[in-house]
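Report on the structure given below.
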């Protein structure tokens, strides 16, 4: 079964992770998800659809980008993908930051013009 093109089990997994992270602080998991991991550096079409669909569903629920990225990165790593979170800022305005997921050095979504990726 799919909901808006995303497998229902993936949405359920994301929801469970979201609820679990509400109980525990995501700060403990963040350093590990910012660092490179071992695994496949290429997503299958189904994994890509799942990751983008889950991210989109969480965005519609009002979940902020860092928590969305944490959940999607964790889900991909559990599937053997070398995913990690990267952070970017708008030029010199370091108070405006954004978190995204990347796999194999490539972001799941294109980075918006004017954003500088922090490495």
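In the numbering used here, the protein residues as written are -3 to 115.
Cβ atoms here follow ideal geometry from the backbone N, Cα and C, with glycine treated the same way.
One question on the structure: do residue i and residue j come within less than 8 Å of each other, judged by their Cβ atoms?
| i | j | result |
| --- | --- | --- |
| residue 97 | residue 65 | yes |
| residue 78 | residue 31 | no |
| residue 99 | residue 92 | no |
| residue 81 | residue 14 | no |
| residue 59 | residue 6 | no |
| residue 43 | residue 74 | no |
| residue 83 | residue 95 | yes |
At which residues does the beta strand (DSSP E) containing residue i begin and terminate?
| i | result |
| --- | --- |
| residue 112 | 111 to 114 |
| residue 83 | 79 to 86 |
Quick one: measure Cβ to Cβ for residue i and residue j, integer angstroms, because I've assumed they're closer than 8 Å.
| i | j | result |
| --- | --- | --- |
| residue 47 | residue 104 | 6 Å |
| residue 71 | residue 12 | Contact flag wrong, Cβ pair sits at about 10 Å. |
If you follow the alpha helix (DSSP H) that residue i is part of, which residue opens it and which one closes it?
| i | result |
| --- | --- |
| residue 116 | Any question about residue 116 goes unanswered here, given that the chain covers just -3 to 115. |
| residue 49 | 41 to 56 |
| residue 63 | 61 to 74 |
Residue i: buried (16+ other C-beta within 10 angstroms of its C-beta) or exposed?
| i | result |
| --- | --- |
| residue 54 | buried |
| residue 39 | buried |
| residue 2 | buried |
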